[in-house]
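For the sequence shown, the positions run 67 to 166 when my numbering is used.
So the structure is just underneath, and the comments pick up after that.
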Amino acid sequence: MIFGIRLPPCATPQRVAESAALAEECGFDFVWTMDSQLLAWRLMDPFVCLSACARTTRRVKLGIAVCNPFTRHPAATACGMVSLGQLSGGRSVLGMGTGG
């Protein structure tokens with residue numbers, strides 16, 4: 067069985083990364099975060115948070131659930147995912163959809 071956890075990026079990237087490291091220690095296989103420009107005043111950028119997570123974890127896959135192609139340009143999403151993939155050693159995953 068595969069398990070994942072969603073960590074909302076409502077704390078500092080360092081705090082989200084600490085939570086991701088703990089999730090990895092607890093045996094989770096995926097760490098997901100969310101993307102919402104509509105809550106930009108409450109949420110940190112998911113790519114920044116997941117990049118911090120890539121530095122504190124070694125095994126878990128890191129992803130955005132979900133990235134909205136109408137509020138974040140697909141080219142910007144692709145660039146972010148390639149960067150996260152390189153930083154994490156190929157552990158990036160992406161969910162696409164309209165979200166909340």
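No residue lacks a Cβ here, since even glycine has one placed at the ideal position from N, Cα and C.
| Item | Value |
| --- | --- |
| Expected contact under 8 Å - CB spacing of S102 and G165 to nearest Å | 6 Å |
| Limits of the beta strand (DSSP E) - the one that G161 falls within | 158-162 |
| Bridge partners - V97, DSSP secondary structure assignment | I71, L128 |
| Pair within 9 Å by beta-carbon distance, L73 and C115 | yes |
| Straight-line Cα distance separating D95 from I68 | 6 Å |
| Rounded distance between the beta-carbons of A87 and T123, thought under 8 Å | 6 Å |
| Neighbourhood of C119 by C-beta distance below 7 Å, restricted to the same chain and skipping five residues each side | V82, A83, A86, V97, L128 |
| Endpoints, the alpha helix (DSSP H) within which F113 is located | 112-122 |
| Per-residue DSSP class, three states only, for C133 | strand |
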